[in-house]
Structure formats: C-alpha cells, structure tokens
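Novice: Residue numbers (our numbering): 68 to 199.
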Amino acid sequence: MNDATPIDLVLDAFHAAAARADGPALLSHFADDGVFLGTDATERWAGAAFREFVASRFAGGRGWTMSAKRRDVAVRGDVAWFDEDLTHARMGCLRGSGVFVRGADGAWRIAQYNLAVTVPNERFEAVLAAMS
C-alpha cells in the first residue's frame, strides 16, 4: 500500500472496527447518510438502514475481517475516492471502493463503500453459468 494518508488511516480503522464487531467505532467513520453496497445485489444500506444492519450484525460479537493488500487514494478538495484489494478468509479476494467527504468538523467520513467480489476473466463464463 502507499504511504498513509488520512483516508488510509480511516479505512484501516474502519476495517479494524469491523473485525472487532465494534459498531460505534465503525459508524464513526461513516457519513450519516452514507451508503454501503454489499456483494449481493440486494445489499444496499443507506443511512439508518446501514446503522441497523451494523447493530444487528455486531450484536452477537460477529464482525467481519478483511485485510487490505493494495489501496489507491485520490483527493480533490473535500472529496476523496479510493479502491482497495482485500482478502477475507471465507470469501477470498474482494475489492472495496468508494467515496469520502470531509465534514464541517474536518473529519473524513465514508459517503459510499462498495464491496465487490472479483472474478478472474477466465472464470467468468463459469460464474455466469452458476448464476443462471
């Protein structure tokens, strides 16, 4: 990964909070009206819906652990965007991407996080067949 930027630090803290199933810490890095897009097409949680999902998921101490292996960040004024390659014990290789906004308090928060499963091109036909 590149040298730590404020965005890197927030993403690292976001992932660490998820691994600890620490909802308040995780949500402190998310904009109030932020959107989380999961790997399933039905997984779009915005604002209060994401907070409810996190509370329900973490209630039993069950979080998720993803480790960033590569990350690129671009910042333009009070907006930043990123993409990162992640690993997860069960799901394997994933990609996270999204947008940050800097609030009036100067803190960077995630406005959108999109988690995607990456599929090697040579295996895409098999994935399509499995989905039909």
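C-beta atoms are modelled at their ideal positions from N, C-alpha and C, and glycine is treated no differently.
For V77, count neighbouring Cβ atoms within 10 angstroms of its own Cβ and tell me buried if that reaches 16, exposed if not.
Specialist: Buried is the call here.
Novice: List the DSSP bridge partners of W148.
Specialist: Note: W148 sits in a beta bridge opposite A141, V166.
Novice: Could you check if E151 is buried or exposed, using at least 16 other CB atoms within 10 Å of its CB as the buried criterion?
Specialist: Buried is the call here.
Novice: Quick check: what's the CA-CA separation for V194 versus R162?
Specialist: Each residue's Cα considered, the two are about 17 angstroms apart.
Novice: Rounding to the nearest angstrom, what Cα-Cα distance links I177 and V168 in this structure?
Specialist: Roughly 7 angstroms between the two C-alpha positions.
Novice: Using alpha carbons as the reference points, say which of T185, V166, T154 lies closest to F97.
Specialist: Checking every option, the nearest Cα to that of F97 belongs to V166.
Novice: Hey, A156 and T132: beta-carbon distance below 8 angstroms or not?
Specialist: Against a cut-off of 8 angstroms, the Cβ pair of T132 and A156 comes out as a contact.
Novice: Alpha carbon to alpha carbon, how far is C160 from P73?
Specialist: Answer to the nearest angstrom: the Cα atoms are 24 angstroms apart.
Novice: With DSSP run on the structure shown, which of helix, strand or coil describes S123?
Specialist: Looking at S123 - three-state DSSP - the assignment turns out to be helix.
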